[in-house]
Amino acid sequence: DSKKLQISSRDGNWSIRFGGRLHLDATIVDDDVTQIGNGAEIRRFWWDVSGKIAGDWKYKLQVGLENDQVRIKDAYVSTDLGGVSVTAGNHKEPYSLEELTGSNYITFIERGLPNVFAPGRNIGLSANTGGDNWGIAAGFFTDGINNGGINNQTTDWAVTGRTHYAPIAEENRAVHLGVAGSYRGVENDTVSFNLRPEFNDGRGIVNTGAVNNVDKMIQVGPEAAVVFGPFSLQGEYHWTTVERTAGLGDADLEGGYVFASWFVTGQSRPYNAKKGTFGRVKAENAIELAARYSTVDLSEASAAATNGEEDNYTLGANYYFNPNVRLMLNYIHAEVDRVAAGTDEDIDAVVSRIQLDF
Amino acid sequence: DSKKLQISSRDGNWSIRFGGRLHLDATIVDDDVTQIGNGAEIRRFWWDVSGKIAGDWKYKLQVGLENDQVRIKDAYVSTDLGGVSVTAGNHKEPYSLEELTGSNYITFIERGLPNVFAPGRNIGLSANTGGDNWGIAAGFFTDGINNGGINNQTTDWAVTGRTHYAPIAEENRAVHLGVAGSYRGVENDTVSFNLRPEFNDGRGIVNTGAVNNVDKMIQVGPEAAVVFGPFSLQGEYHWTTVERTAGLGDADLEGGYVFASWFVTGQSRPYNAKKGTFGRVKAENAIELAARYSTVDLSEASAAATNGEEDNYTLGANYYFNPNVRLMLNYIHAEVDRVAAGTDEDIDAVVSRIQLDF
Amino acid sequence: DSKKLQISSRDGNWSIRFGGRLHLDATIVDDDVTQIGNGAEIRRFWWDVSGKIAGDWKYKLQVGLENDQVRIKDAYVSTDLGGVSVTAGNHKEPYSLEELTGSNYITFIERGLPNVFAPGRNIGLSANTGGDNWGIAAGFFTDGINNGGINNQTTDWAVTGRTHYAPIAEENRAVHLGVAGSYRGVENDTVSFNLRPEFNDGRGIVNTGAVNNVDKMIQVGPEAAVVFGPFSLQGEYHWTTVERTAGLGDADLEGGYVFASWFVTGQSRPYNAKKGTFGRVKAENAIELAARYSTVDLSEASAAATNGEEDNYTLGANYYFNPNVRLMLNYIHAEVDRVAAGTDEDIDAVVSRIQLDF
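Protein chains in written order, with this note's numbering: chain A, 821 to 1178; chain P, 821 to 1178; chain L, 821 to 1178.
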């Protein structure tokens, strides 16, 4: 068991565990209007150290390499205060089932298009509690990592929360219902959304450019999932209202996805009813087939020529050599409908990934 | 004990130990002339590996993440040659009690203003020896880390030394006396000093700008500390003479600090009489209160509008959950007296830190 | 034994091992036309994690710090498929004996001048197989690391292979014969070669500048080595043909080196007949003397004033404290013969290195 690869003190109150992941992608693109090209890349090269201190303090320090730069991922300490788990540092805001499901465990190579609305990791303080089949989490977050001092730092902030309930939470059967919301103050007036197709084109083929005169954003995202033996269904929808000053109206952005997965070899997607997320498929030589439809409409946000609406149709096949190594293959058909006339396009891509984590 | 979190060979001659620290800060500033703003940041995210090779060689490789860049901290090998410990690589020049006391062990969130004069880490070769209650260290250092080859490298260099003596060195009582000096050749003619207030404003609210036509710098810094049960006092003073060519006179820069600390819960600040530094407070649920006065005068260095003199008054309270986790709260009142008229200012700040190391 | 510094599961099918290296250099240069200067640097500060997953999957994640940036070195997964070892990810193309011999094991501080022709690490898929005294490896590689997505990525690619045979492969006697070749498509039309002298001047004192209108490159490199007790000889030669479009002729670049090594204290250079590379000298208090001649001629590649031919004569002495710590001293005499008249120069340098790895 990989869990054994850690160092612990005799009494179990102190421990240190090392982890890492390597995601190697190769992508072939049939581009249309926008030139994209083919390529191979190290999509994720992450290291982490986590552990326990004095029995009741946990920590995690994790970095990822991107473009020869180191990005801080998880960097937090947490402890229990009367049945409530409190976390301080850089960590994911409690928002979106697919975002909260780790990149080693997601069903497709990239998360669906609506992931553009997920805040992801920021510096903050959060608390969560729950029972065997439900949970609630909320936190206060500020701008992401800036460890060069507070000088000239924009002081955006957000309050974000999520709750989930699992009316069924058995080993191979589960029903997940959840909803998350976020209220986001925007003190520097500007936001932008970069919407990549469901492969890493590295930029966001649909993007709003800078949206100015923004006062705040309000986000809501319901989510649901069903596991029935080897079959599972999962979906989310996100509404984001961008409220603007200077007499400008609100911009309503939205999008959702739904996908189905089938383990040909009979396994089940492992649902964690406490956390309300999916986890590691503990299988050898397992085969999974999946299909997803995603759609996002950013067109109210700006009149930029690059802005618009995008629909993605993705087919996926995964081969699990063992719980820590899998091969993934995705075919993505992306339809882009831009606000500017005459720049619509259809893109097709085939992406393969070899993924290992420990 | 956290010391057990290492891997050793059976004979103990080979070992590898992992360490890390996470300092999470939140800062609220009542600024005056200079706009600073509020913010949260990951002040330190450090990883290190250290160990022993073949019994008599030690190494340490340590990095810190700052602004999404990796900074090499300690990167050295050391061994004993006839009772003298010799260290080669990137390490701290032996200068200043507070600088040589690790950032996990300092009493306030930031070191005092005079830390602007401490050379910190550079690449060099140093030697140190001593007895149970005294020590002497000296080294030759060149410019800090540049591992892109020697091309276009400025070849500043320095000879730095420090000695300390502890007439009293008991478990809860100690008297520390020390003095350090540094002679620094400046081959590229230019130096600058950036003086932050005692919170991380990220730039140096008082700074000399580029001081040109510099030939060399001479630094001297006496230091003293007293521990008497839960009470302790500590102070340093630093003189830096910047000698200039082209008929320009010398600039005399100087500054010092003094602080008092009291463990309400009765513990003592742990003095290491061999190293002449302070170490980890091995306590649970301990409370420490502290007050510091710092002053630095850079005004002779340049006529830059940002240059001048700064006084800081800092109050601190620390709560030690256990030896590896502490919560810190500092209130800082900074008075800035610039060389240019009409730009003096008073700044107040409150900083909190949650700090964990392993 | 340093091999014990790893964490393994009870059944040995899962493991994690930590490694690192620190190379500290100091260089004194007697420059001539080009101003170089003296300096100290951290030449290598590398960390890695490697291990086994589920018995039959191996991985390695390795980074090096350079100029405060993190560079991904090895980042691969590998497994055996019917006696053939298959590797995917960032790894060294199978080309050049000296390149494939790790930087901890090379005889001189820097590899010889012809190393300018070695492709080094790139992202790709390779396979290798062999017997006790022979091996063959081949792979398909694309541009090096780009993990910022495939956008705007040049899609250069290469097919590279190498085979070796050791007619003698005993403990202290060996004969190595090998040859490697590479066919390299250049889709963005431009290549360049930066030829450093055999110390790290950080730029390439002879360099071709951008060579445009390149269609492809074909490389061939025979290699040989002999170990006879404490004596060894090693040499390589490389031809690189740069084929150009637009009616431009081919540029033929070439170079080689030969060196001799003698362990005064009687040890032998350890040849690995399976891999066809040299490994760790497992000795304490061993002394090695060595001399090398290298030559490279890039002059057909461009008419740039910085381009030309370079010969290096290097003398080296190594002291092995133990298998993991060595002190190196090299004297390098470099003769540069540029294509532009009047810029020839002779450079002398003395470089010392303290090297530790674990």
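Built from N, CA and C at the ideal position, the CB exists for glycine as well. Model, not experiment: these values are computed from the prediction.
Residue 971 of chain A in three-state terms, based on DSSP: For the purposes of this step, residue 971 of chain A is identified with residue 151 of the first sequence, where counting begins at 1. Note that residue 971 of chain A scores a pLDDT of 46, beneath 50, so its modelled location is shaky and nothing firm can be said.
Coil, strand or helix - residue 935 of chain A by DSSP: Taking the first residue of the first sequence as 1, we reach residue 935 of chain A at position 115. Helix, per DSSP.
C-beta neighbour in chain L for residue 895 of chain P, strict 9 Å: If you number the second sequence from 1, residue 895 of chain P lands on position 75. So, interface residue.
Contact with chain P by residue 1104 of chain L, beta-carbon distance below 9 Å: Position 284 of the third sequence holds residue 1104 of chain L. By this cut-off, residue 1104 of chain L is an interface position.
Per-residue contacts from residue 1038 of chain P into chain A (C-beta, under 8 Å): By 1-based counting over the second sequence, the position of residue 1038 of chain P is 218. Against residue 1038 of chain P, chain A offers no close residue; the least beta-carbon distance is about 30 Å (beta-carbon pairs closer than 8 Å).
Touch test, the segment 866–886 of chain A against the segment 833–847 of chain A, Cβ-Cβ under 8 Å, three pairs minimum: Counting C-beta pairs with one atom in each stretch, the segment 866–886 of chain A and the segment 833–847 of chain A have three or more that are closer than 8 Å, which means they touch.
Identity of the residue in L/953, L/962, L/981 and L/954 nearest residue 944 of chain L by Cα: Walking along the third sequence from the start, residue 944 of chain L turns up at place 124. Check the Cα spacing between residue 944 of chain L and each of L/953, L/962, L/981 and L/954: the tightest is with L/962.
Beta strand (DSSP E) segments (min. 3 residues) lying fully within the segment 869–900 of chain P: Whole beta strand (DSSP E) segments, 3+ residues: 877–886.
Rounded separation between residue 1010 of chain L and residue 1041 of chain A - CA only: Here the question's residue 1010 of chain L lines up with position 190 in the third sequence. Here the question's residue 1041 of chain A lines up with position 221 in the first sequence. The alpha-carbon atoms of residue 1010 of chain L and residue 1041 of chain A are separated by roughly 49 Å.
Cβ of residue 861 of chain A within 9 Å of any chain L Cβ: Residue mapping note: residue 861 of chain A aligns to position 41 of the first sequence, counting from 1. Interface flag for residue 861 of chain A against chain L is set, since a Cβ pair is found closer than 9 Å.
Cβ pair residue 879 of chain A, residue 905 of chain A closer than 9 Å: For this step, residue 879 of chain A is matched to residue 59 along the first sequence. For this step, residue 905 of chain A is matched to residue 85 along the first sequence. Their beta carbons are not under 9 Å apart, which means residue 879 of chain A does not touch residue 905 of chain A by this criterion.
Nearest to residue 1022 of chain A (by Cα), restricted to the options A/828, A/826, A/825 and A/863: In the first sequence, counting from the first residue as 1, residue 1022 of chain A sits at position 202. Across the set A/828, A/826, A/825 and A/863, the C-alpha of A/863 shows the shortest separation from the C-alpha of residue 1022 of chain A.
Length of the line joining the Cα atoms of residue 983 of chain P and residue 1096 of chain P: As a working note, residue 983 of chain P is residue 163 in the second sequence. As a working note, residue 1096 of chain P is residue 276 in the second sequence. If you draw a straight line from the Cα of residue 983 of chain P to the Cα of residue 1096 of chain P, it comes to about 8 Å.
Bridge partner(s) assigned by DSSP for residue 838 of chain A: Counting from 1 along the first sequence, the entry for residue 838 of chain A is found at position 18. Per DSSP, A/869.
Proximity below 9 Å, CB of residue 923 of chain A to CB of residue 1043 of chain A: Indexing the first sequence from 1 puts residue 923 of chain A at position 103. Indexing the first sequence from 1 puts residue 1043 of chain A at position 223. Residue 1043 of chain A sits away from residue 923 of chain A, with the two beta carbons spaced by 9 Å or more.
Spatial distance of residue 1099 of chain L from residue 925 of chain L (CA atoms): Taking the first residue of the third sequence as 1, we reach residue 1099 of chain L at position 279. Taking the first residue of the third sequence as 1, we reach residue 925 of chain L at position 105. Taken atom to atom, the span from the alpha-carbon of residue 1099 of chain L to that of residue 925 of chain L is near 6 Å.
Distance between residue 1068 of chain A and residue 967 of chain A (C-alpha atoms, nearest Å): As a working mapping, residue 967 of chain A is identified with position 147 in the first sequence. As a working mapping, residue 1068 of chain A is identified with position 248 in the first sequence. For residue 967 of chain A, the predicted structure reports a pLDDT of 47, less than 50, and the residue's modelled location is therefore unreliable. A value from the coordinates is still provided. Near 34 Å, if we compare the C-alpha coordinates of residue 1068 of chain A and residue 967 of chain A.
From P/1016, P/1122 and P/889, residue whose alpha carbon lies closest to that of residue 1034 of chain P: What you label residue 1034 of chain P is simply residue 214 of the second sequence in a count that begins at 1. The option with the nearest alpha carbon to residue 1034 of chain P is P/1122.
Residues of the segment 1138–1151 of chain L whose Cβ lies closer than 9 Å to any Cβ of chain D, in chain order: Here the protein chains are A, P and L, and chain D is not one of them.
DSSP-derived helix/strand/coil call for residue 1165 of chain A: Numbered from its first residue, the first sequence carries residue 1165 of chain A at position 345. Correct three-state label for residue 1165 of chain A: strand.
Which of helix, strand or coil DSSP assigns to residue 844 of chain A: Indexing the first sequence from 1 puts residue 844 of chain A at position 24. Residue 844 of chain A carries a strand assignment under DSSP once its states are collapsed to helix, strand and coil.
Cβ-based burial, residue 1142 of chain L [other Cβ within 10 Å; buried from 16]: Taking the third sequence and counting its residues from 1, the one referred to as residue 1142 of chain L is at position 322. The Cβ neighbour count for residue 1142 of chain L, taken over all protein chains shown within 10 Å, is at least 16; the residue is labelled buried.
Chain P contact for residue 834 of chain A (CB, 9 Å cutoff): Residue mapping note: residue 834 of chain A aligns to position 14 of the first sequence, counting from 1. Yes - at least one Cβ of chain P is within 9 Å of the one on residue 834 of chain A.
Alpha-carbon to alpha-carbon, residue 1007 of chain P and residue 1119 of chain P: For the purposes of this step, residue 1119 of chain P is taken as the residue at position 299 of the second sequence. For the purposes of this step, residue 1007 of chain P is taken as the residue at position 187 of the second sequence. If you take the alpha carbons of residue 1119 of chain P and residue 1007 of chain P, they lie about 23 Å apart.
Beta carbon of residue 980 of chain A nearer than 9 Å to that of residue 1001 of chain A: Translated into positions along the first sequence, residue 980 of chain A becomes position 160. Translated into positions along the first sequence, residue 1001 of chain A becomes position 181. Going by C-beta atoms, residue 980 of chain A is nearer than 9 Å to residue 1001 of chain A.
Given 8 Å, three or more beta-carbon pairs between the segment 1125–1141 of chain P and the segment 944–954 of chain P: At 8 Å Cβ cutoff, the stretches do not touch.
Beta carbon proximity, residue 900 of chain L to chain A, threshold 9 Å: The residue given as residue 900 of chain L occupies position 80 in the third sequence. It does not: the Cβ of residue 900 of chain L has no partner Cβ on chain A nearer than 9 Å.
Residue 902 of chain P versus P/954, P/911, P/895 and P/876, residue with shortest Cα-Cα distance: Your numbering for residue 902 of chain P matches position 82 in the second sequence. Comparing Cα positions, the closest option is P/876.
Interface residues of chain A facing residue 1006 of chain L [CB-CB closer than 8 Å]: Here residue 1006 of chain L is taken as the residue at index 186 of the third sequence, counted from 1. The contacting residues do not exist; residue 1006 of chain L stays about 15 Å from chain A at best.
CB of residue 1083 of chain A within 9 Å of CB of residue 1103 of chain A, strictly: Against the first sequence, residue 1083 of chain A aligns to sequence position 263. Against the first sequence, residue 1103 of chain A aligns to sequence position 283. Against a cut-off of 9 Å, the Cβ pair of residue 1103 of chain A and residue 1083 of chain A comes out as a contact.
The segment 848–861 of chain L contacting the segment 1159–1171 of chain L, beta-carbon criterion three pairs below 8 Å: With the rule of 3 Cβ pairs closer than 8 Å, the segment 848–861 of chain L counts as touching the segment 1159–1171 of chain L.
Within-9 Å CB hit, residue 1032 of chain P to chain L: Within the second sequence, the letter at position 212 stands for residue 1032 of chain P. Not closer than 9 Å to any Cβ of chain L, the Cβ of residue 1032 of chain P fails to qualify, so no.
Three CB pairs or more closer than 8 Å across the segment 889–897 of chain L and the segment 1053–1068 of chain L: Put simply, the segment 889–897 of chain L does not touch the segment 1053–1068 of chain L. Fewer than three CB pairs are less than 8 Å apart.
Beta-carbon neighbours of residue 1013 of chain A, restricted to chain L and to distances below 8 Å: In the first sequence, residue 1013 of chain A corresponds to position 193, counting from 1. Within 8 Å Cβ-Cβ: nothing; residue 1013 of chain A doesn't reach chain L, min ~17 Å.
CB contact flag (residue 1144 of chain L, residue 1172 of chain L, <9 Å): The residue you call residue 1144 of chain L lines up with position 324 of the third sequence. The residue you call residue 1172 of chain L lines up with position 352 of the third sequence. Going by C-beta atoms, residue 1144 of chain L is not nearer than 9 Å to residue 1172 of chain L.
Simplified DSSP assignment, three categories, for residue 1108 of chain A: Here residue 1108 of chain A corresponds to residue number 288 of the first sequence, with the count starting at 1. In the three-state DSSP reduction, residue 1108 of chain A falls in the strand class (E or B).
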